[in-house]
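Line order of the protein sequences matches chains A and B. So the first sequence is numbered by this note's numbering: it starts at 4 and just counts up by one. So the second sequence is numbered by this note's numbering: it starts at 634 and just counts up by one.
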Amino acid sequence: MRYEIKEFASDELKEKMLFATHKSGLRVYVFPKKGFSKYYAIYGTDYGSTDREFLVPGESEKTVVPDGIAHFLEHKMFEQPDGSNAFDSFAITGASSNAFTSFDMTAYLFTCTDRFYENLDILIDFVNSPYFTDENVNKEMGIIGQEIKMYDDDPGWRVFFNALRAMFRDNPVKIDIAGTVESIAKINKDILYKCYNTFYNPGNMILVLVGDVDINEVMDRLDKRMGDEKNLGEIKRPEVREPAERVTEFAEQRLVVSQPMFNIGFKDITPFTGGEELAKREAATEIILDTLFGKSSDFYMELYGEGLIDSGFSVETELEKRYGFSLMGGESRDPKAVYEKIKKRILKAQKEGIDKSDIERTKKVMKASGIKLFNYIEGMGNAYIRMLLKGINPLDYNKVIDSVTYDDIMARLKTHFDTNNCVLSTVLPTESGGEAER
Amino acid sequence: MTEHIKSGVDLKYIPAEKFKTNTISVFFNIPLEKETITKAALLPAVMKRGTEKHRTMTEISKYLDDLYSATLHAGIRVKGDGEVLYFTIEYIRDEFIGESLTEKIVELMREFIFEPLCDEGGFDQEYLDGEKQNLKNAIEGLINDKREYVEFKCREAMFEGEGYGMFEAGRVEDLPGITGGGLYEFYKDVISTAKTDIFISGSFSDTALSAVKSGLCGAFAERDAKYAATRIAEGSGNEPREIVEEIPVVQSKLCIGLKCGVEPISKMYYALMLGGCVFGGSPFSKLFNNVREKLSLAYYAASRTERFKSTMFISCGIETDKYGAALDEIMVQFDKMKNGEIEDSEIKNSKRYMSGRFTSMKDSLRTMEDYYLSQAIMGSDDGIDELIERTNAVTKAEIVEAFNKIEIDVIYFLKGNTSEGGAE
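Below, the structure written as structure tokens:
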């Protein structure tokens, strides 16, 4: 079948993006990279840990599933009906494969330097053919149990989730992506099939390919493997009703760490949208975070000089269609002092504004980062699949940055960075101190 | 390609057109020793704080921003019994921004290396104190990542008293004794006597190339310097030592340290490396398929080999009461390697897997730099294609021979003694 291939190009970057929709409903994006050795394929579904309630197309009652099921499903997809696993198939063609589950996406991926189209066939085939049995589901409990426990001991992960729980009351973003040992115990093959059949339909999926790839060849290969019968149409997900207020200002946990770790969080309460509006909001938020707290800011210099933060201090914002927040995190001997200083700096900016030359410099840095990303085959795929799922064209992002005005930034600063609604999550050393004796 | 600039100073050029950026790096190679390990970790951090011209971090950071977000990385990397202090600046190429930055970057690199901010007594006291505190936090922070922690404790037990057995960030007890003057002496010594490699990678015009030579290479004095040599780890014939450390964590962690006794540029090295992939270096390895997939004992179960020192570390995260079961299974798989119970397909697949990994190195400027630097230190001229060729030539008999040289030295068990994370 012939497909209409849309091309988006950036002349100054000498990069382009090709796009086509397969008859199955699958959206296919190719970022051609000539001269690179590597190919990267990432095949994702718009389905993640936050999808705990949904309406299966054609059903009238909503389905509620155990926490951690999207991640569990990700693990099980590698199992093949013939008893082998997908890693074995990729071993024969020399690819390196993996998968991950996030709040709102599950993705399967490989990198290779040879036999790209064969590897692509393997990827499509294994993600399109679920094989769950009581036995193989049970076997996975032990493996995922160890994964959960590994994260239970990970102070960076704990301080992050405690911040989310302090911010969000009802939004499922607060639930651990892998669930708990108790919640995954409720998972069985029937629930897995139900989730699979709902979310792993091509209309809900996206394929992003980076490397010296011919999109026509890709579409031909897909024609041999996927029909149009599985496209179920829209999956209804109940609107998340999240109160504007934080749950609690402070969250604290004790673990074996050398010094306190912290995450300071601001929840997003503006209604979520996709596309350019979301991109613009994200860019404005990043500009605020970087001008006020970035490495070139007076704030960073002052706190670093006082020994309150070190080079591990970082700021980020994650604005998605169904949740959003901004975080400042790191290690500090005195997280409360950092917290107070961050609030003070925000209040000052809300009152006095932000230096316009700082904003221009930050925009230059953000655009440069966008250019540098084209060096990284996997980095491109990972960043772009997220943007594309949100309805943002990666090649347009520099234009979005330019389009953000001073007024946009000040408006965002006032609505999002509410110093009466932020949280401080800390992980503190256990009483016995960080040093364990042999 | 390598150009010998003067005694002890080489310029290496890795040409590549496909990237949006260029990098310029300087590497100083010194022995990894107790006397200097902490100073070496501290020095790049202090040098990054300010120069005579750009006196504060903010000034540096804003200047880098103006250079289209050029990035400066400085630190240390262990290379067997030696270490390198590195300074790397990555910046966007002319054609994507419409101006040439190379000369400015060369000048900035020269400034970082030759004109760090000092007062009469040596390095700026405030910067020194700040970075000493940061380094103290970094050393103590090893415990924060339990997998990294157990792997280090295992290595420490294997190489007690040697530089290789020390945490590369140094030792807290050294910090009070390091003064601005003392660190400055060390700094002078490094920049004037250490074996120095300057790397430029990406796309350089003749003008840019001569800017590097006159602006940077010319600034280094000649020296009588060699790379720090490494004595490879060899088994002692003793029984493995088992060490147990209890700690209040949920997941227990096991790390097994092995001494391989294989010279890094010998033919046997490639057999060791490829055998390492068959054993525990891939998601189709013996460890992955048995410890994880078949017995569900662990989420991660893997091994890695370290080329310079010829060591291997096997690592997994398990339930406390599964210690015996995990150790037994690892030993079963290890014995299979020694007895040659290896399928041809395992070797074939590992060759493909490693070839892919090696070929991919060509897609990263920094990975290529590190590869060619390591080659130079080991005294090998092999490019990436030769590495692939040598790997593909390995036979099963060679793998078996290499694995029979390996000796288990330390079994380190970080024993979790709590069932849940700390109180919330």
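No residue lacks a Cβ here, since even glycine has one placed at the ideal position from N, Cα and C. Computed from a prediction, not measured in an experiment: that's the story for all the values here.
Residues of chain B with a CB under 7 Å from the CB of residue i: which are they?
i	result
A/Pro158	Asn777
A/Ile374	Lys653, Ile725, Phe729
A/Asp443	Any answer about residue 443 of chain A is impossible in this case: the structure gives chain A only from 4 up to 441.
A/Phe90	Pro916, Phe917
A/Asn378	Phe652, Lys653, Thr654
A/Ser40	Thr992, Ser993, Lys995, Asp996
Measure from the alpha carbon of residue i to the alpha carbon of each residue in the options, then state which is nearest.
i	options	result
A/Gly310	A/Val341, A/Ser329, A/Arg284, A/Asp293	A/Val341
B/Ile876	B/Gly1016, B/Phe853, B/Cys787	B/Cys787
A/Val213	A/Cys425, A/Gly382, A/Ser13	A/Gly382
B/Thr704	B/Lys695, B/Lys712, B/Arg710, B/Val711	B/Lys695
B/Gly755	B/Gly813, B/Val717, B/Glu728, B/His706	B/Gly813
A/Gly1	A/Leu76, A/Lys324, A/Lys298, A/Arg325	Residue 1 of chain A falls outside the range modelled here, since chain A spans only 4 to 441, and no answer is possible.
B/Asp698	B/Phe720, B/Ala707, B/Gly708, B/Ile725	B/Ile725
B/Gly794	B/Glu1031, B/Glu666, B/Glu650	B/Glu666
A/Lys370	A/Asn401, A/Lys359, A/Ile357, A/Ala102	A/Asn401
A/Asp54	A/Arg30, A/Asp179, A/Phe129, A/Glu143	A/Asp179
B/Asn922	B/Pro897, B/Arg937, B/Glu962	B/Glu962
A/Asp337	A/Ser406, A/Asp399, A/Leu398, A/Asn266	A/Asn266
A/Asn204	A/Val176, A/Glu289, A/Ile238	A/Ile238
B/Ala862	B/Glu879, B/Phe941, B/Arg874, B/Tyr956	B/Phe941
B/Lys969	B/Ile951, B/Gly909, B/Asn1025	B/Gly909
A/Ser428	A/Arg5, A/Ser372, A/Gly159, A/Thr66	A/Gly159
B/Phe661	B/Val823, B/Met791, B/Ile898, B/Leu768	B/Val823
A/Ala247	A/Thr320, A/Ile194, A/Gln256, A/Ile272	A/Ile272
A/Lys450	A/Ile362, A/Tyr326, A/Arg240	Missing from the structure shown is residue 450 of chain A; chain A here goes from 4 to 441 and no further.
Excluding the five sequence neighbours on either side, which residues of its own chain have a C-beta within less than 7 Å of the C-beta of residue i, listed in chain order?
i	result
A/Ala352	Leu295, Leu416
A/Ile147	Phe75, His78, Ala181, Ile187
B/Ala673	Ile663, Ile709, Glu716, Leu718
B/Phe917	Asn982
B/Phe785	Leu775, Phe800
Closer than 6 Å by C-beta to residue i: which residues in its own chain qualify, once you throw out the five before and the five after it? Chain order, please.
i	result
B/Ala832	It should be pointed out that residue 832 of chain B corresponds to Phe in this sequence rather than to Ala. Excluding sequence neighbours, B/Phe832 sits near Lys645, Ser658, Glu1002.
B/Leu734	Leu700, Tyr724
B/Ile1039	Leu891, Cys893
A/Met108	Gly47, Gly51
B/Ala678	Glu764
B/Thr635	Asp643, Lys645
B/Ala866	Lys892, Lys942, Ser943, Thr944
B/Arg925	Ala931, Ala934
Please compile the residues from chain A whose C-beta is within a distance smaller than 9 Å of the C-beta of residue i.
i	result
B/Phe745	What B/Phe745 touches in chain A: nothing, since even the nearest Cβ is about 16 Å away.
B/Thr691	Lys298, Ser299, Ser300, Asp301, Tyr303, Met304
B/Ser1007	By Cβ distance, chain A contributes nothing, its closest Cβ being about 19 Å from B/Ser1007, past 9 Å.
Using only the heavy atoms of the ligand FAD, determine whether one of them is closer than 7 Å to the beta carbon of residue i.
i	result
B/Lys828	In the structure on display, the ligand FAD does not appear, and there are no ligands present to speak of.
Based on the DSSP secondary-structure assignment, which residues constitute the bridge partners of residue i?
i	result
A/Asn101	A/Leu112
B/Tyr646	B/Ile833
B/Gln966	Partner(s): none; B/Gln966 has no beta bridge.
A/Glu18	A/Ser13
B/Gly813	Bridge partners of B/Gly813: none, in fact.
Which same chain residues, not among the five before or five after residue i, have their C-beta less than 8 Å away from its C-beta?
i	result
A/Ala439	Confidence is the limiting factor: at A/Ala439 the pLDDT is only 39, short of 50, which leaves the residue's position unreliable and the question unanswerable from this model.
A/Lys283	Val403, Ser406, Val407, Asp411
A/Glu7	Ala23
Using a Cβ cut-off of 9 Å, pull out every chain B residue sitting near residue i, in sequence order please.
i	result
A/Arg364	Lys695, Asp698, Asp699
Anything in chain A within Cβ reach of residue i, meaning under 7 Å, just list it in chain order.
i	result
B/Leu1020	What B/Leu1020 touches in chain A: nothing, since even the nearest Cβ is about 14 Å away.
B/Ile889	None at all; the shortest Cβ gap to chain A is about 17 Å.
B/Arg925	Ile146
Roughly how far, in whole angstroms, is the beta-carbon of residue i from the beta-carbon of residue j, given that I think they are within contact range, below 8 Å?
i	j	result
B/Arg682	B/Glu764	7 Å
A/Ile125	A/Ala73	With 8 Å as the limit, A/Ile125 and A/Ala73 do not qualify as a contact, their Cβ atoms being about 22 Å apart.
A/Val130	A/Ile190	A/Val130 to A/Ile190, Cβ: 19 Å. No contact.
A/Leu210	A/Val31	5 Å
A/Leu350	A/Thr422	6 Å
A/Lys324	A/Gly277	5 Å
A/Ser100	A/Phe106	Between A/Phe106 and A/Ser100 the Cβ distance is about 22 Å, and since that is not below 8 Å, they are no contact.
A/His419	A/Ser329	7 Å
B/Val1027	B/Tyr903	5 Å
A/Ile45	A/Ile388	5 Å
Run down chain B in chain order and give the residues with a C-beta less than 8 Å from the C-beta of residue i.
i	result
A/Phe11	Within 8 Å Cβ-Cβ: nothing; A/Phe11 doesn't reach chain B, min ~18 Å.
A/Glu150	Tyr932
Who are the neighbours of residue i on chain A, taking C-beta pairs under 8 Å?
i	result
B/Gly989	Gly97, Ala98, Ser99, Thr114, Cys115, Thr116, Asp117
B/Tyr986	Ala94, Gly97, Ser99
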